[in-house]
Amino acid sequence: MLDKNGIAKRIAKEVKDGMYVNLGIGIPTLVANFIPEGVNVELQSENGILGMGPFPFEGEEDADLINAGKQTVTLLPGSSIFDSALSFGMIRAQKVHLTILGAMEVSENGDIANWKIPGKMVKGMGGAMDLVASAKNIIVAMQHVNKAGESKLLPKCDLPLTGIRCVKKIVTELAVLDVLPEGGFKLVERAPGVSVEDIRKATAGKLIVEGDVPEMVI
Amino acid sequence: MINKLVANAEEALKGIEDGMTIMMGGFGLCGIPENSITALIKKGTKNLTCISNNAGVDDFGLGLLLQTKQIKKMISSYVGENAEFERQMLSGELEVDLVPQGTLATRCMMAGYGIPFFPTPAGVGTEVAIGKQIINWKGRDYLMEEAFEADFAIVKAWKGDSAGNLIFRSTARNFNQPMSMGGKITIAEVEHLVPLGELVPDQIHTPGIYVHRIFQGSNYEKRIEQRTVRKK
């Protein structure tokens with residue numbers, strides 16, 4: 011079974027040289043720590059940065075330079091800054107190749123719910139709806155089951171949707187799964203020490219298992 | 667050059683009346699028009715509809731205008747950092763219209779481009795689509811979203827001149843730039859008011875034609891919402 015860093019480390023293998031990548035808050039942010047040397051990517055922050063760098067050194071924080079999570083950040087050499095309309099213009103125009111974000115639920119046809127729980131304080135969708143509606147490739151980083159032990163990989167989402175038929179891949183503490191265009195979660199890899207049966211038990215939606223499923227190498 | 671210069675925030679806010687719709691620049695607390703918010707509290711204008719990506723925190727930014735109950739409605743994409751906001755929303759005192767962030771920014775920008783509506787895939791198949799026209803173009807569904815019509819836009823820029831030309835700094839550009847183009851009347855407060863001719867025309871972010879009033883701001887706090895650092 012993977013911890014949060016393990017999930018991030020596995021997702022980092024999906025990040026290829028030359029990609030522009032948008033990372034959501036939480037586990038997706040950790041992915042930046044595991045992108046290998048020699049894989050040149052630029053991180054997009056939807057408040058208006060391409061080429062986002064790490065947190066600043068103590069004492070060098072700049073109130074005018076934050077990321078989409080409102081954290082102080084830095085710029086790498088070659089970065090650029092732009093306004094919020096242009097930022098979502100490049101997202102809508104699919105110039106950003108890969109979006110990695112968290113989710114509360116994903117359905118077997120790729121619908122995602124990650125912004126609202128009825129009866130709880132609603133904070134808003136931020137940029138999530140724009141990102142999932144336009145990204146060519148969306149990878150979801152999440153726990154396989156929720157705190158109540160219920161599967162988050164469902165035949166159909168119960169929570170209000172963020173976007174429809176958009177998720178391509180899911181990485182959880184148990185497995186890597188592809189969401190097939192015709193519907194269904196295809197099991198691609200198992201986390202170390204996790205059996206196909208463990209994954210089956212934790213997956214409420216249609217799970218597709220073909221042949222021997224390899225254990226992931228991270 | 668046409669002179670847009672006014673003495674201070676009080677003068678800049680003349681004509682803002684109860685019930686008006688106002689765009690407020692900034693993302694989180696980054697790049698918010700601090701002087702104008704303070705002056706708006708002093709002015710006491712009520713029942714405002716605020717178009718702003720966020721709603722500030724309890725004791726800073728738009729949170730201050732919530733404390734004084736001057737806001738009737740917020741049009742925002744993310745409003746999580748404010749206990750008073752939550753209280754007013756749950757009690758029904760405050761109306762909230764949640765809009766996807768890219769749609770929000772674009773609806774501001776379009777007001778400055780003279781484009782009345784635009785199709786976007788953001789929100790298709792979600793509750794955001796309820797009541798909106800959906801058009802299918804080349805096999806894909808889009809929601810029709812309208813340009814905002816705001817009586818005033820209030821933005822914060824880094825540098826500006828008396829002709830109303832603006833340059834923003836770093837990620838404080840955020841919503842300030844599209845909003846600076848989107849108000850029927852745009853008010854800009856700037857950290858540095860510079861003499862005409864000092865701004866390089868090639869580097870201007872918002873041309874002065876969009877800006878009606880500009881003033882030199884003062885005493886900027888520039889509060890950081892999430893101070894994140896690494897060790898040397």
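Read top to bottom, the protein sequences are chains D and L. With positions in the first sequence counted from 1, the corresponding number in the numbering used here is that position plus 10. With positions in the second sequence counted from 1, the corresponding number in the numbering used here is that position plus 666. No residue lacks a Cβ here, since even glycine has one placed at the ideal position from N, Cα and C.
In this structure, the straight-line span from the alpha carbon of Ser97 (chain D) to that of Ala819 (chain L) is close to 20 Å. Between the beta-carbon of Leu163 (chain D) and that of Val116 (chain D) there is about 6 Å, and that keeps the pair under the 8 Å contact cut.
By the Cβ test, the region 674–684 of chain L is not in contact with the region 204–222 of chain D, since fewer than three Cβ pairs between them sit closer than 8 Å. Less than 8 Å separates the beta-carbon of Ile101 (chain D) from that of Ser144 (chain D). Taking 4 residues as the minimum length, the alpha helix (DSSP H) runs contained wholly in the region 763–849 of chain L are 767–779 and 842–846, in order along the chain. Using a Cβ-Cβ cut-off of 8 Å, Phe841 (chain L) counts as an interface residue toward chain D, since at least one Cβ of chain D sits closer than that to its own. Annotated three-state conformation of Pro867 (chain L) is helix, per DSSP.
Here the region 130–137 of chain D makes contact with the region 735–750 of chain L; the two share three or more CB pairs at distances below 8 Å.
A distance below 6 Å between beta-carbons, with the five flanking residues on each side excluded, links Gly789 (chain L) to the following residues of its chain, in chain order: Pro766, Ala795 and Leu809. Listed along chain L, no residue sits closer than 9 Å to Ala22 (chain D) by beta-carbon distance, the nearest being about 19 Å off. Asn119 (chain D) is a Cβ neighbour of Gly193 (chain D), given a cutoff of 8 Å. Rounded to the nearest whole angstrom, the C-alpha separation of Pro66 (chain D) and Gly722 (chain L) is 23 Å. Of the residues assessed, Leu756 (chain L) falls on the exposed side of the cut-off, its CB having fewer than 16 other CB atoms within 10 angstroms.
DSSP lists D:Ala185 and D:Glu225 as the beta-bridge partner residues of Arg200 (chain D).
Contact annotation, Gly34 (chain D) with Leu111 (chain D): C-beta distance approximately 3 Å; criterion of less than 8 Å satisfied. Chain order gives the chain D residues near Lys897 (chain L) as Phe67 and Glu68, where near means a beta carbon separation below 8 Å.
The CB of Thr772 (chain L) comes closer than 8 Å to the CB of Ala95, Phe98 and Gly99 in chain D, given here in chain order. The beta carbon of Glu52 (chain D) lies closer than 7 Å to those of Tyr30, Leu60 and Gly61 in the same chain, with the five residues before and after it left out. Under the three-pair Cβ rule at 8 Å, the region 868–875 of chain L does not count as touching the region 713–730 of chain L. Excluding five sequence positions before and after Thr734 (chain L), the CB atoms of its chain that fall closer than 8 Å to its own CB belong to Ile707 and Gly710, given in chain order. For the region 31–64 of chain D, the beta-carbon criterion of a distance under 9 Å to any beta-carbon of chain L is satisfied by Ser55, Glu56, Asn57, Gly58, Ile59 and Pro64.
The DSSP-derived three-state label of Ala138 (chain D) is helix.
The Cβ-Cβ distance between Ile180 (chain D) and Lys19 (chain D) does not fall below 8 Å. Between Asn701 (chain L) and Ser884 (chain L), the beta carbon gap of about 7 Å places them in contact (Cβ cut-off 8 Å).
Sorting L:Thr792, L:Gly780 and L:Thr786 by C-alpha distance to the C-alpha of Ala123 (chain D) places L:Thr792 at the top.
Excluding five sequence positions before and after Thr769 (chain L), the CB atoms of its chain that fall closer than 6 Å to its own CB belong to Thr786, Ala788 and Glu811, given in chain order. CA-to-CA, the gap between Asp817 (chain L) and Asn748 (chain L) works out to about 26 Å. The beta carbon of Phe751 (chain L) lies closer than 6 Å to those of Ala721, Leu732 and Val745 in the same chain, with the five residues before and after it left out.
Partner residues in a beta bridge of Leu96 (chain D), as assigned by DSSP, do not exist. Taking 8 Å as the threshold, the shortest C-beta distance from Pro128 (chain D) to chain L does not fall below it.
Per DSSP, the unbroken alpha helix (DSSP H) holding Leu756 (chain L) starts and ends at Ala749 to Ser757.
Between the region 66–82 of chain D and the region 852–863 of chain L there are fewer than three inter-stretch CB-CB distances shorter than 8 Å, so the stretches are not counted as touching. For Pro844 (chain L), a Cβ of chain D is located within less than 8 Å of the residue's own Cβ. Fewer than three beta-carbon pairs drawn from the region 796–804 of chain L and the region 774–781 of chain L are found closer than 8 Å, and the two stretches are therefore not classed as touching. The alpha-carbon separation between Asp27 (chain D) and Asn50 (chain D) amounts to approximately 5 Å. According to DSSP, Leu163 (chain D) shares a beta bridge with D:Val116.
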